[in-house]
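Novice: Reminder that position 263 of the sequence shown reads as 263 in UniProt numbering, one-by-one numbering, no gaps.
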Amino acid sequence: MDVTVGLIRGVLSVLPGGCSARVVTVSPGPLIRVEGQPVSIRCDVNDYGGPSEQDFDWEMSRDITGPKTRIISTFEPGFSDPLFSRRVASGDVSVVRLQDNEVELKIGEVKLTDAGFYLCRTPSTDPITSGNYNAQVQLRGKKGRNLSEGNIFPINSVQASPHHAAATTVFHSRVFHSTDFVSVIGDTRMSGFCGCVVLLCTVKTSVKLIGLVSSPVMVYLCFFTCKHNVTELIFSFLTLFSTEPNFTLTLEAATKPQKTGEPIELSCDVTNIFQLPPGGRLGVRWEHISLPGTNAPSPKLIGSLDAYGNLESNSAYKDRLDSGVLGLSRARPNTFKLRFLRSQKIDMGQYVCSVSAWSVSSQGEMVQAVEYKSSPLTVRWDTKTPTLNVAAKTIRQVSVGGATFEMSCSAVTENIGDWIGFAVYIQSQDGIKGGVKTIISLSPDNVVQITDPARSDSLVLSKTGSGEFRFRLEGVQVSDTGYYWCNVTAFTKQQPDQSWTTAATSESNKVNIFIKEDGLTFSVKIHSDASSVYPWEMAKMECSVGVSGSLPKSGRCELSDR
1 MDVTVGLIRG VLSVLPGGCS ARVVTVSPGP LIRVEGQPVS IRCDVNDYGG PSEQDFDWEM
61 SRDITGPKTR IISTFEPGFS DPLFSRRVAS GDVSVVRLQD NEVELKIGEV KLTDAGFYLC
121 RTPSTDPITS GNYNAQVQLR GKKGRNLSEG NIFPINSVQA SPHHAAATTV FHSRVFHSTD
181 FVSVIGDTRM SGFCGCVVLL CTVKTSVKLI GLVSSPVMVY LCFFTCKHNV TELIFSFLTL
241 FSTEPNFTLT LEAATKPQKT GEPIELSCDV TNIFQLPPGG RLGVRWEHIS LPGTNAPSPK
301 LIGSLDAYGN LESNSAYKDR LDSGVLGLSR ARPNTFKLRF LRSQKIDMGQ YVCSVSAWSV
361 SSQGEMVQAV EYKSSPLTVR WDTKTPTLNV AAKTIRQVSV GGATFEMSCS AVTENIGDWI
421 GFAVYIQSQD GIKGGVKTII SLSPDNVVQI TDPARSDSLV LSKTGSGEFR FRLEGVQVSD
481 TGYYWCNVTA FTKQQPDQSW TTAATSESNK VNIFIKEDGL TFSVKIHSDA SSVYPWEMAK
541 MECSVGVSGS LPKSGRCELS DR
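Structure below.
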């Protein structure tokens, strides 16, 4: 059946001052239904003014410019013409509100007399009339035809190849919508030169031809009759008819990383598209297969884009997709992209793109018809082991109690990445065989933690540059004697809102604090509860004295205020 498209779509216009104009759209058409089948026609309105809930009136006409017959309305109960009022009352014809701005006209059983142009109209609620307030789509009806095994029927539309190479070959063909709901296209390749081709087919499997969007494979025994001059050539062979879409996938790496942290871009190109029905769309699903020998499960779903372009992912990649570090996109109508802004070591492996073809069902919904997978594409690069070197250096040495000790720590990294953080732990040991203890630490987010709260006023650990840190110990005591060093862990991440990942850990050389005991040693500390006071206010000051070393048999301690 030759079909002409009767869909009229609104064109978006812009009013002076930047206001959008009303746009009304209906389901893509034409809609083809066999008598007795249901049909649903959707209508929505966008960029309108007034209340969010809009009303809709449905009308139809036999011709595109013919008189209109009222069908049903969301606002007026008595809107229907007598031609439709009984069917509306019985529920065979109804309107269902899907959203404030979208409804669906439903006909339970299509009649041949229902063929025509269906108009969806929206009453104006806009402060200024602009845009389109209605849209229409054509509905075509056709009687169904039952064919049983053994029946012979003609297939009207045959496109024969001009190249005739062999006497008998397979004829590749597919079922299409036509005037008889079946047609054949393909390559015949037969001997002789035929001015016309007539194809008769005997049905080998029982099938009801009702113009479905897709149907199972059907087998026919077909006969070619070709007349050229006086000679008549007849060939017979079996033919498989299929309505499934077919296409070719090519997966390539547009950008391959040379080292960890560089971007990855993969391109999945769809070519040689055949049998994609009108209104059909393509979707994609990306999977990752880990390299052999890794413990990660495979394959893993990265994400997918359905027929509407909606991104779906409930996988381990969801956080990276949400943050934008990883992206799925459609670069062109038939090309899909997968991008990693910064690669990680776990991203090495094989990638597969699976492209699905979607078609419009009789209810106007998108349904998946077929899916094809590409050949795996291996992505890997030379991974060098991350290294971290740490060096400690004495800035201020001490030899007597009460002095201040300062030490610097320098961290140098290789093959870790661009976004690096450090966790620094200042550790000490009393002698070679003494126990190791952590005095103070600094996290990658610059959070300081002191092990002994009693000495919080005398311990300082700060970051002084990129990979540079300084530790200060005030009021050194004899008990502080021992070895000191920096224990550093390097972390990396791709985005600020991501968690840190451990890259490498290393210890610096050790520096020594040695206080020579020569009799009695003491230290003095003063503390005030206020840093500034007015003349009439009071401030409390405490003076503490620490004593160590060998106590003399006699002596005294004097304290004076200055």
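Beta carbons are placed, not taken as given, at the ideal position from N, Cα and C, and that holds for glycine.
Here the structure is a predicted model, which means the values were calculated and not measured.
Please report the straight-line C-alpha distance between L266 and L341, rounded to a whole angstrom.
Specialist: 12 Å
Novice: Run through the DSSP bridge pairs and tell me what S532 is partnered with.
Specialist: Partner(s): none; S532 has no beta bridge.
Novice: Just to check my reading of the structure: S374 and C268 have Cβ atoms closer than 8 Å, yes? What is that Cβ distance to the nearest angstrom?
Specialist: Sure, about 6 Å apart at Cβ, within 8 Å.
Novice: For G421, which beta-bridge partners are listed by DSSP?
Specialist: For G421, which the question treats as bridged, DSSP gives the partners F491.
Novice: Leaving out the 5 sequence neighbours to the left and right, which residues in its chain are closer than 7 Å to H288 when beta-carbon positions are compared?
Specialist: Once the five neighbours on either side are set aside, the close Cβ partners of H288 are P299, K300, I302, G349 and Y351.
Novice: Measure the beta-carbon distance from V39 to V110 and round it to whole angstroms, keeping in mind my assumption that it falls under 8 Å.
Specialist: 5 Å
Novice: Can you tell which of M541, G29 and S531 has its C-alpha closest to the C-alpha of P278?
Specialist: With distances taken between Cα atoms, P278 lies closest to G29.
Novice: With DSSP as the reference, please indicate the residues paired to W58 in a beta bridge.
Specialist: I72 and C120
Novice: Comparing alpha-carbon positions, which option in G475, N512 and V533 lies nearest V524?
Specialist: G475
Novice: Please check if any C-beta of chain D sits within less than 8 Å of the C-beta of S399.
Specialist: Annotation note: the requested chain D is absent from the structure, which comprises a single protein chain.
Novice: Looking at the strands, I want to know which residues DSSP matches up with L112.
Specialist: In DSSP, L112 forms no bridge with anything.
Novice: For E59, I'd like the list of residues in its chain whose CB is within less than 8 Å of its CB, leaving aside the five on either flank, ordered along the chain.
Specialist: K68, T69, R70, I71, Y118, L119 and R121
Novice: Rounded to the nearest angstrom, what separates S499 and D445 at their Cα positions?
Specialist: 11 Å
Novice: Which two residues bound the contiguous beta strand (DSSP E) that contains F405?
Specialist: F405 to E414
Novice: Could you please give the first and the last residue of the uninterrupted beta strand (DSSP E) stretch that includes L459?
Specialist: L459 to G465 is the span of the beta strand (DSSP E), which, as asked, contains L459.
Novice: Mind checking I128: buried by the 16 CB within 10 Å criterion, or exposed?
Specialist: Burial is judged here by how many other beta carbons sit within 10 angstroms of a residue's own beta carbon; I128 has fewer than 16 and is exposed.
Novice: CB S329 to CB L321, shorter than 8 Å?
Specialist: no
Novice: Considering only the beta carbon of each residue, do R140 and I32 sit closer than 8 Å?
Specialist: yes
Novice: Identify which residue in T248, E542 and A89 has its Cα closest to the Cα of C353.
Specialist: T248
Novice: Please go through the UniProt domain "Ig-like" (245-371) and give each complete alpha helix (DSSP H) segment of 4 or more residues, from N-terminal end onward.
Specialist: 318-323
Novice: By a C-beta neighbour count over all protein chains shown, 10 Å radius and 16 as the cutoff for buried, is M538 buried or exposed?
Specialist: Its Cβ having fewer than 16 others within 10 Å, M538 is exposed.
Novice: Alpha carbon to alpha carbon, how far is G324 from V424? Give it in angstroms, no decimals.
Specialist: Looking at the two C-alpha atoms, the distance is approximately 31 Å.
Novice: Assuming G434 and G401 make a contact with CB atoms under 8 Å, what is their CB distance in whole Å?
Specialist: Cβ-Cβ separation between G434 and G401: approximately 19 Å, too far for a contact (criterion under 8 Å).
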